[in-house]
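Enquirer: Residue numbers (the numbering used here), protein chains in the order written: chain A, 1 to 361; chain B, 362 to 544; chain C, 545 to 808.
Backbone N, C-alpha and C fix where the C-beta goes; we use that ideal spot for every residue, glycine too.
Just so it is clear, the structure is predicted and the values come from calculations on it, not from any experiment.
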């Protein structure tokens with residue numbers, strides 16, 4: 001069958017992917033620059049297409065707790081928001097991580113802190129990859145750098161979320177949310193029936209039918225010894241995720257003397273910067289982490305042994321660069337170049353930064 | 362082939378939808394495309410611009426600071442984007458409302474009286490399609506049949522009756538675009 | 545033959561006069577003796593058993609004294625973040641509309657931190673049942689002032705009594721939700737006497753029955769005591785509740801069949 005091609009905004013692609021992935025429920029609250037996700041879903045009448053529930057909640061706090069309720073029933077649930085709204089969700093995300101509930105959360109990042117700006121940014125890296133809410137937990141963090149990946153990471157996100165019973169964050173930004181690109185649309189995945197959910201997810205609160213004990217979804221255990229064991233189990237899960245799920249892309253790395261490490265929109269900018277640099281005779285490659293947690297430490301270290309320097313390019317004050325430094329272990333020079341406040345670096349200025357900070361520096 | 366275009370003018374001139382039709386046309390001829398708008402409060406009544414890239418290869422940055430082509434529909438955009446056309450590149454503009462005409466000598470400059478023509482034809486809404494026609498004449502990278510296919514894809518079904526008018530506007534644009542100077 | 549009752553006769557099944565429902569677990573309740581939580585738990589579970597809803601029920605526990613409600617209620621349960629139970633219940637019910645979904649929340653959870661979730665779930669007319677335990681105090685954290693604490697009432701954070709000028713007024717959230725078109729049945733009950741227990745059980749049964757009719761939210765407030773928070777014996781606490789709580793929070797139906805009950 002020929003694939004269906006559409007020109008879509010990143011936010012719309014995320015919405016369409018939600019329906020196609022057989023999502024049971026979307027719960028959200030409007031915030032720029034991602035409101036198109038819910039607008040698209042509402043216009044598409046997913047309740048008619050697949051029976052999917054789409055509900056505009058009274059707040060991001062309510063949205064994430066609706067996810068908790070739905071996920072506790074073994075349903076495929078998701079939300080989307082942008083930075084200030086994601087901050088409001090942190091408590092609920094921590095509860096979901098603690099109660100081991102799967103879901104997909106999209107953050108179309110805008111500049112902060114505070115109300116900040118509505119323009120794109122990557123300043124939520126720490127919040128996304130290091131925990132965000134209270135307690136020892138991690139979120140699988142997927143960083144799309146194209147509209148196609150905004151689409152693809154919904155299905156992939158649910159796959160990982162249910163495999164590990166953990167929330168998955170798709171960390172995008174305003175640029176990818178708002179831009180349009182060509183998207184290949186998949187065939188419709190049917191929503192699971194209640195019986196399938198009972199069989200696939202025996203932990204879910206689907207009603208205590210005869211023959212099984214009651215199911216409880218909770219993150220609470222007041223007994224420190226048991227709570228520690230629970231934490232240890234969570235940590236084992238995160239180590240398993242680190243073992244199995246690292247994803248990255250390498251561009252022009254074979255002959256590279258220098259390396260850009262960048263994700264999302266920055267990685268797109270760096271592709272142009274790479275062309276410009278190579279026109280000037282500077283051999284630079286790109287390592288694009290696709291999973292930010294788990295971070296591709298080993299691959300960055302391997303590249304550190306080959307190149308004369310690494311430039312971390314982020315739309316932030318320098319957050320991912322800390323993971324790069326952990327990976328590199330002093331094996332090569334590492335510098336950061338970033339813009340803040342909603343400014344996207346121009347391809348040329350990234351080349352200038354490379355020359356000044358690593359080549360001349 | 363990679364063509365990097367900025368389309369800029371007032372909100373309401375159809376800047377974004379023209380970019381969208383252009384991008385869809387690229388998809389129709391199996392190319393890679395990207396469409397990156399300026400977004401935010403400045404869109405409301407102010408200037409609007411969109412970067413459209415059509416390429417045979419994977420598209421790198423959707424956000425650029427220099428362009429192969431600038432399509433300029435108001436003075437603010439002229440002031441901002443004239444200098445950002447690559448040497449040897451192309452600038453297409455509608456002189457309506459332009460008080461300072463382009464001055465670059467190292468680029469090709471074309472003008473198109475799209476606004477005037479749209480008023481004469483009584484089809485103000487498809488002003489942007491006249492401009493698109495002009496662009497197709499001076500930079501023939503998208504074919505008319507693919508533009509029509511793109512139109513059908515990007516217009517909601519209830520506007521499909523307007524496709525013949527759009528087609529007429531494009532043909533008019535093909536005819537009335539004029540070269541201002543040569544490199 | 546001496547007419548004495550021996551132990552073995554008492555436990556003979558034919559002599560059984562009362563049996564704990566199987567939908568309460570055997571775990572010893574963590575509530576203080578004399579607290580209304582245990583009774584309210586039991587009657588909810590009895591109603592579920594009598595209506596044959598065990599396989600179809602999902603309950604949501606709050607944060608507060610009843611945070612561990614899922615340890616005692618022997619049905620599928622979720623434990624919510626503080627105040628968010630109505631948001632969980634909204635999603636559970638919308639994703640599984642044929643299930644019976646209830647939240648069990650205290651006054652701090654429902655009427656302070658969770659006010660937005662309460663009001664909006666009610667206003668959307670979610671087909672869920674909220675059981676609201678109002679004892680005018682934060683029990684679990686040690687007797688702090690609640691949104692429902694009475695004027696002049698002492699708590700650990702209003703040690704000289706609730707000063708209305710400084711601390712605001714007690715919130716009659718039940719009357720508030722009754723005003724919303726999304727609620728169908730709103731009532732206020734108590735569990736301090738056998739007669740009140742029977743009335744409350746009837747109210748909860750009615751609430752669950754209405755849920756099957758998809759007519760909107762049913763909301764059952766249970767005015768209760770907190771003898772340890774109030775620093776009283778259980779008996780004193782019940783007297784104090786009758787004398788002080790009931791005048792401010794009068795018992796009875798507030799909204800029936802979607803209509804506000806007059807002269808309430």
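When the cut-off is 8 Å and only beta carbons count, does residue 506 of chain B lie next to chain A?
Expert: Your numbering for residue 506 of chain B matches position 145 in the second chain. Taking Cβ atoms only, chain A never reaches closer than 8 Å to residue 506 of chain B, which makes this a no.
Enquirer: Kindly indicate which three-state DSSP category residue 732 of chain C falls into: helix, strand or coil?
Expert: Position 188 of the third chain, counted from the start, is the residue given in the question as residue 732 of chain C. Reduced to three states, the DSSP call for residue 732 of chain C is strand.
Enquirer: Counting contacts by CB-CB distance shorter than 8 Å, is residue 50 of chain A in contact with chain C?
Expert: Locating residue 50 of chain A in the first chain gives position 50, counting from the first residue. Output row for residue 50 of chain A: interface = no.
Enquirer: Which whole-angstrom value is the C-beta distance of residue 99 of chain A and residue 217 of chain A, which I expect to be below 8 Å?
Expert: The residue labelled residue 99 of chain A in the question sits at position 99 within the first chain. The residue labelled residue 217 of chain A in the question sits at position 217 within the first chain. The pair is a contact, with the Cβ atoms about 5 Å apart (cut-off 8 Å).
Enquirer: Taking the Cβ atom as the reference point for each residue, do residue 403 of chain A and residue 246 of chain A lie within a distance shorter than 8 Å?
Expert: Residue 403 of chain A lies beyond the range of chain A shown here (1 to 361); nothing can be said about it.
Enquirer: Among A/177, A/208, A/160 and A/261, which residue has its Cα nearest to the Cα of residue 169 of chain A?
Expert: Walking along the first chain from the start, residue 169 of chain A turns up at place 169. If we check each option's Cα against that of residue 169 of chain A, A/160 comes out closest.
Enquirer: Tell me which same chain residues have a C-beta within less than 7 Å of the C-beta of residue 299 of chain A, skipping the five on either side of it?
Expert: By one-based count along the first chain, residue 299 of chain A stands at place 299. Closer than 7 Å at the Cβ level, and outside the excluded window around residue 299 of chain A, lie 248 and 287.
Enquirer: Where does the unbroken alpha helix (DSSP H) through residue 471 of chain B begin, and where does it stop?
Expert: On the second chain, residue 471 of chain B is found 110 positions in, with the first residue counted as 1. Segment 469–472 is the beta strand (DSSP E) holding residue 471 of chain B; no alpha helix (DSSP H) there.
Enquirer: Here's the rule I'm using: 16 or more other beta-carbon atoms within 10 Å means buried, otherwise exposed. How should residue 50 of chain A be labelled?
Expert: One-based indexing of the first chain puts residue 50 of chain A at position 50. Looking at its Cβ environment, which holds 16 or more other Cβ atoms inside 10 Å, residue 50 of chain A is buried.
Enquirer: Could you give the DSSP three-state label for residue 805 of chain C: helix, strand or coil?
Expert: Against the third chain, residue 805 of chain C aligns to sequence position 261. Correct three-state label for residue 805 of chain C: coil.
Enquirer: Of the choices C/610, C/611, C/670 and C/643, whose alpha-carbon is the least far from that of residue 73 of chain A?
Expert: Position 73 of the first chain, counting from 1, holds the residue named residue 73 of chain A. For the residues C/610, C/611, C/670 and C/643, the minimum Cα distance to residue 73 of chain A belongs to C/643.
Enquirer: Among C/780, C/568, C/634 and C/620, which one has its Cα closest to the Cα of residue 69 of chain A?
Expert: By one-based count along the first chain, residue 69 of chain A stands at place 69. Minimum Cα distance to residue 69 of chain A is reached at C/634.
Enquirer: Using the C-alpha atoms, what's the distance from residue 609 of chain C back to residue 669 of chain C?
Expert: Indexing the third chain from 1 puts residue 669 of chain C at position 125. Indexing the third chain from 1 puts residue 609 of chain C at position 65. Taking the straight line from one Cα to the other gives about 27 Å.
Enquirer: Within its chain, find whatever has a CB closer than 8 Å to the CB of residue 535 of chain B; leave out the 5 residues flanking it on each side and keep chain order.
Expert: In the second chain, the residue the question calls residue 535 of chain B occupies position 174. Setting aside the 5 residues that flank it on each side, residue 535 of chain B is surrounded in the same chain by 494, 495, 497 and 498, each with a C-beta closer than 8 Å to its C-beta; the list follows chain order.
Enquirer: Would you say residue 570 of chain C reaches chain A, if we count a Cβ-Cβ gap shorter than 8 Å as a contact?
Expert: On the third chain, residue 570 of chain C is found 26 positions in, with the first residue counted as 1. Not one chain A Cβ lies under 8 Å of residue 570 of chain C.
Enquirer: Kindly indicate the opening and closing residues of the beta strand (DSSP E) around residue 664 of chain C.
Expert: Position 120 of the third chain, counting from 1, holds the residue named residue 664 of chain C. Counting along the chain, residue 664 of chain C falls outside any beta strand (DSSP E), though it belongs to the alpha helix (DSSP H) covering 659–667.
Enquirer: At the 8 Å Cβ level, is residue 62 of chain A part of the contact set with chain C, yes or no?
Expert: Along the first chain, read from residue 1 onward, the residue named residue 62 of chain A stands at position 62. Judged by the 8 Å Cβ criterion, residue 62 of chain A is in contact with chain C.
Enquirer: Check for me: the alpha helix (DSSP H) holding residue 275 of chain A runs from which residue to which?
Expert: Taking the first residue of the first chain as position 1, residue 275 of chain A is located at position 275. Taken as a continuous stretch (DSSP letters only), the alpha helix (DSSP H) holding residue 275 of chain A covers 264–279.
Enquirer: Given that residue 384 of chain B touches chain A, what residues does it touch there, using C-beta distances under 9 Å?
Expert: One-based indexing of the second chain puts residue 384 of chain B at position 23. 7, 180, 181 and 182, listed in chain order.
Enquirer: Using a Cβ-Cβ cut-off of 8 Å (strictly less than) and excluding sequence neighbours within five positions of residue 790 of chain C, which residues of its own chain qualify?
Expert: Here residue 790 of chain C refers to the residue found at position 246 when the third chain is read from its first residue. Here the set comprises 734 and 767.
Enquirer: Out of B/481, B/385 and B/442, which has the shortest C-alpha to C-alpha gap to residue 416 of chain B?
Expert: Reading the second chain from its first residue, position 55 is the one you call residue 416 of chain B. Of the residues B/481, B/385 and B/442, the one whose Cα lies closest to the Cα of residue 416 of chain B is B/385.
Enquirer: Thinking C-beta only, is residue 411 of chain B closer than 8 Å to residue 376 of chain B?
Expert: Working through the second chain from its first residue, we reach residue 376 of chain B at position 15. Working through the second chain from its first residue, we reach residue 411 of chain B at position 50. Yes, these two residues count as a Cβ contact at 8 Å.
Enquirer: Could you compute how far the alpha carbon of residue 551 of chain C sits from the alpha carbon of residue 97 of chain A?
Expert: Walking along the third chain from the start, residue 551 of chain C turns up at place 7. Walking along the first chain from the start, residue 97 of chain A turns up at place 97. Whole-angstrom Cα-Cα distance: 51 Å.
Enquirer: Are the beta-carbon atoms of residue 52 of chain A and residue 23 of chain A separated by less than 8 Å?
Expert: Working through the first chain from its first residue, we reach residue 52 of chain A at position 52. Working through the first chain from its first residue, we reach residue 23 of chain A at position 23. Yes, Cβ-Cβ distance for residue 52 of chain A and residue 23 of chain A is below 8 Å.
Enquirer: As an exercise, report each continuous beta strand (DSSP E) stretch of at least 3 residues that is fully enclosed by the stretch 623–699 of chain C, in chain order.
Expert: 644–650 and 673–678
Enquirer: Less than 8 Å between CB atoms is the rule here; does residue 272 of chain A satisfy it with respect to chain B?
Expert: Counting from 1 along the first chain, the entry for residue 272 of chain A is found at position 272. Yes, residue 272 of chain A counts as interfacial toward chain B.
Enquirer: Classify residue 518 of chain B as buried or exposed, calling it buried when 16 or more other Cβ atoms lie within 10 Å of its own Cβ.
Expert: The sequence position of residue 518 of chain B within the second chain is 157, counting from 1. Classification of residue 518 of chain B: exposed, given that the 10 Å Cβ count is below 16.
Enquirer: What does residue 289 of chain A pair with, by DSSP beta-bridge criteria?
Expert: Mapped onto the first chain, residue 289 of chain A falls at position 289. Its beta-bridge partners are A/248.
Enquirer: Under 8 Å, do residue 431 of chain B and residue 473 of chain B count as touching if we go by C-beta distance?
Expert: Reading the second chain from its first residue, position 70 is the one you call residue 431 of chain B. Reading the second chain from its first residue, position 112 is the one you call residue 473 of chain B. The answer is no: Cβ separation not under 8 Å.
Enquirer: In angstroms, rounded to a whole number, what distance separates the CA positions of residue 443 of chain B and residue 465 of chain B?
Expert: Counting from 1 along the second chain, the entry for residue 443 of chain B is found at position 82. Counting from 1 along the second chain, the entry for residue 465 of chain B is found at position 104. One C-alpha to the other measures close to 8 Å.
Enquirer: Please list, in chain order, the residues of the stretch 193–216 of chain A that have any C-beta partner in chain C closer than 8 Å.
Expert: If the cut-off is 8 Å between Cβ atoms, the stretch 193–216 of chain A has 194, 205, 206, 207, 208, 209, 210, 214, 215 and 216 near chain C.
Enquirer: Of the choices A/236, A/277 and A/239, whose alpha-carbon is the least far from that of residue 366 of chain A?
Expert: As shown, chain A starts at 1 and ends at 361. That puts residue 366 of chain A outside it, with no answer to give.
Enquirer: How should residue 723 of chain C be labelled, buried or exposed, when 16 other C-beta atoms within 10 angstroms of its C-beta is the threshold for buried?
Expert: Here the question's residue 723 of chain C lines up with position 179 in the third chain. It counts as exposed.
Enquirer: Within its chain, find whatever has a CB closer than 6 Å to the CB of residue 584 of chain C; leave out the 5 residues flanking it on each side and keep chain order.
Expert: For this step, residue 584 of chain C is matched to residue 40 along the third chain. So the list reads 735 and 766, once near-sequence residues are dropped.
Enquirer: So, helix, strand or coil for residue 364 of chain A, using DSSP?
Expert: Shown here, chain A extends from 1 to 361; a query on residue 364 of chain A therefore has no answer.
Enquirer: Can you tell me which of the three DSSP states residue 600 of chain C falls into?
Expert: Here residue 600 of chain C is taken as the residue at index 56 of the third chain, counted from 1. In the structure shown, residue 600 of chain C sits in a helix (DSSP, three-state: H, G or I).
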